[in-house]
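To convert a position in the sequence shown, counted from 1, into my numbering, add 132.
First comes the structure, then the notes that go with it.
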Amino acid sequence: SERLASSCPFLYAWDGMKFVYVTDILGAAPIGELAPDGTTISPHPEEYVRLPESLGDQDGDYVFQLTDELREVDYFDQLRLVAVDHPATEEVYSNEIYSSAPGRAVLFTVGEKHFPVAATDEQGHDVLALVREADGRYPADFRHQRILGLADLHSLTLDLGAFPTSAHISLWLKGWVFWTDSNASRALESNKTHSMVPPYLQVLDAEGRWVTIIPDMGLPSGTNRSMRVDLTGKFLSADHRVRIVTNLCAFWDQVFITFDDRPVAPTVELPLAGSDLHYRGFSRPASDPLHLRPDWFEYEKVLADAPWNPMAGRYTRYGSVAELLKREDDRLVVMAAGDELTVRFSAKSLPPLKAGWKRTFFLYTAGYAKDGEPNTASSKTVDPMPFRAMSNYPPSRHDRYPDSPSRRLYLEHYQTRPAHLLIPPLSPPVQ
133 SERLASSCPF LYAWDGMKFV YVTDILGAAP IGELAPDGTT ISPHPEEYVR LPESLGDQDG
193 DYVFQLTDEL REVDYFDQLR LVAVDHPATE EVYSNEIYSS APGRAVLFTV GEKHFPVAAT
253 DEQGHDVLAL VREADGRYPA DFRHQRILGL ADLHSLTLDL GAFPTSAHIS LWLKGWVFWT
313 DSNASRALES NKTHSMVPPY LQVLDAEGRW VTIIPDMGLP SGTNRSMRVD LTGKFLSADH
373 RVRIVTNLCA FWDQVFITFD DRPVAPTVEL PLAGSDLHYR GFSRPASDPL HLRPDWFEYE
433 KVLADAPWNP MAGRYTRYGS VAELLKREDD RLVVMAAGDE LTVRFSAKSL PPLKAGWKRT
493 FFLYTAGYAK DGEPNTASSK TVDPMPFRAM SNYPPSRHDR YPDSPSRRLY LEHYQTRPAH
553 LLIPPLSPPV Q
């Protein structure tokens with residue numbers, strides 16, 4: 133079965149009437165995940181998550197639910213709600229990218245969007261209509277392999293049109309990925325007839341040959357995320373076609389270029405007004421059997437029975453955890469399968485918008501996610517705890533967990549909840 137079992141925590145937002153599923157988060161910060169070469173993937177714990185325009189307040193607060201609904205443990209270090217005020221003629225995006233070197237989390241303003249003049253897949257099919265609008269339709273005429281998250285090698289070729297080769301140009305792509313996992317990497321490690329090919333980007337040289345200029349372009353870091361690829365100075369001829377090649381199950385919803393995007397800082401940060409960690413359970417998932425769209429979840433529909441148990445170890449005690457979420461300081465909110473974290477941010481002090489301006493909200497998250505797959509490192513236990521200064525996960529013997537009176541107090545006061553079995557064992561206890 134390819135039912136989603138491990139991925140990332142989920143984010144739901146209050147839209148004024150109900151909580152709606154936004155996306156999965158911490159997608160760039162998996163810990164202990166095996167790569168096909170036998171190493172573990174380095175996590176990148178910081179990201180800005182773009183929030184829907186339908187965001188509504190509840191008694192003067194913006195309210196979010198962060199849930200652990202898969203076979204994993206989630207670690208949150210900081211949560212912040214920020215907004216960027218900008219002219220209504222512009223959009224603001226986060227570079228929500230998963231790659232080997234994503235850099236710092238950055239926001240960008242985008243003025244005029246320019247769409248490709250042509251788009252084809254690896255079979256020569258015209259897919260321009262599928263990548264012009266963010267409408268949940270994707271070029272997906274590729275064959276899935278038996279290894280989870282892999283497909284036959286496929287490509288998307290985009291003709292970006294005419295512009296000066298010296299122009300500042302950014303390629304923006306919105307989409308999602310059917311993730312691989314440590315089990316897939318273990319299968320690839322032992323089966324040399326298959327390999328994992330992350331997306332790479334090619335351009336045409338003066339002789340009309342495809343040349344790889346970005347060997348690791350990256351992927352969207354979650355469901356329906358936007359990512360940025362800097363193409364400034366990358367073209368080798370006046371032919372501005374680019375080709376994106378991969379054998380991962382990457383689905384591109386919208387593609388455009390811009391010549392005027394620029395980094396922008398948040399205009400305002402909303403204060404954290406309250407938080408509550410508690411048990412909720414698991415939303416009923418809905419899956420496309422063909423895996424041509426991401427799994428989605430309805431907040432109101434909760435499963436009667438838990439699908440899996442939490443990992444062994446100690447979790448953060450239930451109740452208010454606001455003190456732990458205000459700073460990135462390695463005092464983590466540790467969530468078990470079935471847990472929910474409610475956070476409220478006060479909107480009462482938001483300044484009025486200028487005429488002709490709009491406000492775009494982003495949730496800044498810093499944290500980690502560790503799945504319970506058998507080939508993920510330390511996948512049966514909460515420990516070892518991740519921390520910012522570790523070289524990778526699991527921490528090496530040279531990495532020292534930060535020790536201070538405040539951290540010892542954190543462990544004594546907050547990390548006190550033992551794992552509770554949600555599914556009783558089938559065998560009777562040994563007398």
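Where is the CB? At the ideal position from N, CA and C, for every residue including glycine.
If you keep only unbroken alpha helix (DSSP H) runs of at least 4 residues inside the stretch 365 to 450, you get nothing at all.
By alpha-carbon distance to Ile346, the top candidate from Leu368, Gly354, Ser314 and Ala338 is Leu368. DSSP links Thr221 through a beta bridge to no other residue. Within the same chain, Ser478, Ala479 and Lys480 come within 7 Å of Gly192 by CB-CB distance, once the 5 residues on both sides are set aside. Using a C-beta cut-off of 8 Å, the stretch 364 to 383 makes no contact with the stretch 216 to 226, since fewer than three inter-stretch Cβ pairs fall below that distance. Per DSSP, Glu472 is one residue of the beta strand (DSSP E) stretching across Asp471 to Ser478. DSSP places Ala261 inside the alpha helix (DSSP H), whose first and last residues are Leu260 to Arg264. Of the other Cβ atoms in all chains shown, fewer than 16 fall within 10 Å of the Cβ of Met149; this residue is therefore exposed. Leaving aside the five residues that flank Thr344 on each side, the residues in its chain whose CB is nearer than 8 Å to its CB run, in chain order, Tyr332, Leu333 and Gln334. Two segments are said to touch when three or more pairs of C-beta atoms, one from each, lie closer than 8 Å; by this definition the stretch 384 to 395 touches the stretch 283 to 301. Partner residues in a beta bridge of Val154, as assigned by DSSP, do not exist. The alpha carbon of Leu303 has as its nearest neighbour, out of Gly350, Ser314 and Ser327, the alpha carbon of Gly350. Under the three-state reduction of DSSP output, Leu363 falls in the coil class, being neither helix nor strand. Ranking Val361, Pro352, Trp440 and Tyr144 by CA distance to the CA of Ile301 puts Val361 first. Around the CB of Pro352, 16 or more other CB atoms lie within 10 Å, so the residue is classed as buried. Boundaries of the beta strand (DSSP E) around Tyr332: Tyr332 to Leu336.
Scanning Leu213, Glu179, Gly159 and Val475 for the CA closest to the CA of Leu482 turns up Leu213.
Counting along the chain, no beta strand (DSSP E) covers Tyr542; the unbroken alpha helix (DSSP H) around it starts and ends at Pro537 to His545.
In the DSSP assignment, Ala498 falls within the unbroken beta strand (DSSP E) covering Trp489 to Asp503.
In this structure, the beta-carbon distance from Ala418 to Trp428 falls below 7 Å. A residue is called buried once 16 or more other Cβ atoms fall within 10 Å of its Cβ, and Leu464 is buried on that count. Straight-line measurement puts the Cα of Val154 at about 29 Å from the Cα of Met328.
Shortest Cα-Cα distance from Asp393 to any of Pro557, His246, Ser232 and Cys140 involves His246.
Taking a cut-off of 8 Å for Cβ pairs, the stretch 437 to 447 and the stretch 541 to 555 touch, as three or more such pairs fall below it.
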